[in-house]
DNA sequence: CGCTAACATGTTAGCGCTAACATAGTTCTA
DNA sequence: TAGAACTATGTTAGCGCTAACATGTTAGCG
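Residue numbers (UniProt numbering), protein chains in the order written: chain A, 1 to 343; chain B, 1 to 343.
Dropping the structure here:
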């Protein structure tokens, strides 16, 4: 029996004002308040005004959790990157964030630390939050992760590189970028060229660039020695890289670094060692970070359009969320060789 | 009348498996499945195993939105910073994220772009997500924002600086840091010292450092000229800053920059101009970014313990969330003067 | 003036989960 | 050996909101 009052359970929940209280204050029903907030064009202007006043009056803050449960979707966009230590991802995140936030979406940031199992866990968690879309850096995923995403019917955007994508794809051709820089070095007359990467098994985009690099050197009849550092790209690692090249390949006259952090670290280290760049050793990087453009000699590098990549990716996803047709599921943002004085 | 079948409403919601289906498969009630996931120690081991198998079997992914609504709290931690362009905040975010993620909390990142109104909007949104705690960079908030937070009963952590905090506080004394560097420059024998900042109205911590700087110069009987750049700290802005000092204060022999980006930009620009550092002009920064430690001459700067700050802040919040007593509501993480060759 | 369409608002029934209370079985204590 | 204390699991009632359907009201039309 419903023992009407005595045996009542204590309520939980926050003691924040709810839609109901706003509705009572404004003298309308809860759904009208809901509509005044979410689809204002469907509510008479006078009513809407009354509702907004009531909201102010009672100090109402919408409970987005409840809204998301009822509508089975949140205004979250899951963004998964392999690292927050790398400026490249930060810049992509920043431009994704700007574009999404302007449209009322909130980014949910996940960091895999280059571990596909962690990616799977993050995807699981994010699916649990009823995200509106997923943006992930890279095309490689675990089987388990693919299993989850296979059932999912919301937009999936894979950024950074181009290839066989699950859904949407915005990026650039890393192998071609590697070829491009190798061609430049060869054209400069260099013959003894070393490629220096950091953790290429994890940063597989850098290893794709090495593949392109090697193709060109092979075709030119040159050796393509590789030095792999066991810690991720940083200025300090770049200095170590230079030392290692000098020790292992004293004949080397040019170094193609996997990224600008390494290259700049090496360049600054060369200064400390009293080596002339590019006369004694030429140095090239990849990414086009501000850093490399401020050192003397200016770093030769490849500019990856990170802002553009983030913005385009976000716009593409937003288009899909607006049910507008997406004409190009894959977009190549390209890259630009920036010839500095370091080669 | 309840027309039992014909007039049924169509359901919405995702077609994902729910707790109920797991429960049926495992032959237990939903609450047991819930407990097996959230408080496993309260479920018999054999039962728990059966439940976990059922979860695998049906491919269940917990709906965290529903869970949060029912429990009136999510495992979100709101983190609000003024900028993602500044490496300092990125590093703090990274160490917050590591510490929180290890304990199963997810960061909800907000970027105010140094705008207190945007901070208010972000706080509103985040409260709507039933966050477990709020971490914010800085002690300054709008009235409206304080109004919202006043009612809120969950942990609030203010990081970066020290002062009159709402709840918890981990940071350093920026005014003292400014004094420290000014003392160093004076001790080095410099008399004509210029402070160069960027958007000091927004980056008010930098202006606190200037206040400390001026105090010391005042006490020494020296002028404390200030140059303020109208764009945020970057290498390029630092170069501009140096140019401006050379133009406006040709007698200047030392520049105290508001941060390392500016200082390093100026240092690299000095190299391009053929100026000797520190003989022609001494340069000092603030933050202790890796960058400044790799240039030649090595930058004199103040190391702010950003990793420590993030970790301590997160640990303090976690302690509060675990209902453990928090002994120190305010923690000073201090700073270290790092004397390089640039002064 | 009756009909339809468009608009404005309301009623109802959950979304999927967990807090609170309830109940059974088991171990321990006096 | 009664019953207190503990363990393991279940039942019930929402959390606060919105989709779907329902109803009322006004405008437009021949």
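For glycine and all other residues, C-beta sits at the position ideal for the given N, C-alpha and C.
Identify whether residue 256 of chain A lies in helix, strand or coil by the three-state DSSP scheme. strand
Here's a check: name, in chain order, each residue in its chain whose Cβ is nearer than 7 Å to the Cβ of residue 96 of chain A, leaving out the five neighbours to either side. 79, 107, 135, 310, 313 and 314
8 Å Cβ cut-off: residues of chain B touching residue 268 of chain A: 294, 295 and 296
Mind pulling the chain B residues with CB within less than 7 Å of residue 330 of chain A? Chain B residues near residue 330 of chain A: none, gap ~27 Å exceeds 7 Å.
Along chain B, which residues have their Cβ under 8 Å away from the Cβ of residue 345 of chain A? Summary: the structure shown does not reach residue 345 of chain A, with chain A confined to residues 1 through 343, and so no result is reported for it.
Please check if any C-beta of chain A sits within less than 9 Å of the C-beta of residue 344 of chain B. What is shown of chain B runs 1 to 343, which leaves residue 344 of chain B out entirely.
Tell me the DSSP secondary structure of residue 233 of chain B in three-state form. coil
Just the chain A side, please: which residues come within less than 8 Å of residue 65 of chain B by C-beta, in chain order? 65, 68, 69, 74, 128, 129 and 130
For residue 101 of chain A and chain B, any beta-carbon pair shorter than 9 Å? yes
Within chain B, partners of residue 241 of chain A - CB distance below 7 Å: Within 7 Å Cβ-Cβ: nothing; residue 241 of chain A doesn't reach chain B, min ~13 Å.
Residue from A:155, A:15, A:251 and A:104 with nearest C-alpha to residue 325 of chain A: A:155
For chain B, check one thing: does any of its Cβ atoms lie closer than 9 Å to the Cβ of residue 323 of chain A? no
Among all the DSSP beta bridges, which residues are the ones paired with residue 244 of chain B? None; residue 244 of chain B has no bridge partner.
State the CB to CB distance for the pair residue 162 of chain A and residue 330 of chain A, rounded to an integer number of angstroms; the pair is presumed to be in contact (CB under 8 Å). 7 Å
Under 7 Å between beta-carbons, which chain B residues line up against residue 62 of chain A? List them in chain order, please. 128
Is there contact here, the region 332–339 of chain A with the region 287–306 of chain A, by at least three beta-carbon pairs under 8 Å? yes
I'd like to know if residue 124 of chain A contacts chain B, where contact means its C-beta is closer than 9 Å to some C-beta of that chain. yes
For residue 109 of chain A, return the contacting residues in chain B, with the cut-off set at a CB-CB distance below 7 Å. 107 and 109
Looking at the strands, I want to know which residues DSSP matches up with residue 160 of chain A. A:171
Using only CA atoms, which one of A:342, A:328 and A:334 lies nearest to residue 167 of chain A? A:328
Who are residue 284 of chain A's beta bridge partners in DSSP? A:256 and A:300
Since residue 37 of chain A and residue 62 of chain A should fall inside the 8 Å C-beta cutoff, what is the C-beta to C-beta distance between them, to a whole number of angstroms? 7 Å
Chain-ordered residues of the region 258–287 of chain B with a beta carbon less than 7 Å from chain A: 265, 268, 271 and 272
Should residue 146 of chain A be labelled buried (16 or more other beta-carbon atoms within 10 Å of its own) or exposed? exposed
Check the Cβ-Cβ distances between residue 14 of chain B and every residue of chain A, and say whether any is below 9 Å. yes
Alpha carbon to alpha carbon, how far is residue 122 of chain B from residue 138 of chain B? 15 Å
In chain order, each beta strand (DSSP E) run of at least 3 residues that lies wholly inside the region 293–343 of chain B: 301–303, 330–332 and 336–338
Reduced DSSP category for residue 249 of chain A - H, G, I as helix; E, B as strand; rest coil: coil
Bridge partners for residue 106 of chain B per DSSP, in chain order? B:76
For residue 25 of chain A and residue 13 of chain A, what's the separation of their Cα atoms in angstroms? 21 Å
Using the C-alpha atoms, what's the distance from residue 244 of chain B back to residue 235 of chain B? 14 Å
Looking at chain A, is there any beta carbon in it that lies within less than 9 Å of the beta carbon of residue 29 of chain B? no
What are the residues in the region 218–250 of chain A lying within 9 Å of chain B by C-beta distance? 234, 235, 236, 238 and 239
Leaving out five residues on either side along the sequence, give the residues of the same chain with a beta carbon under 8 Å from the beta carbon of residue 237 of chain A. 198, 229, 231, 261, 262 and 265
Starting from residue 363 of chain B, trace the beta strand (DSSP E) both ways and give me its first and last residue. Outside the modelled stretch of chain B, which goes from 1 to 343, sits residue 363 of chain B, for which no answer is possible.
Inter-residue spacing [alpha-carbon to alpha-carbon] between residue 288 of chain A and residue 268 of chain A: 16 Å
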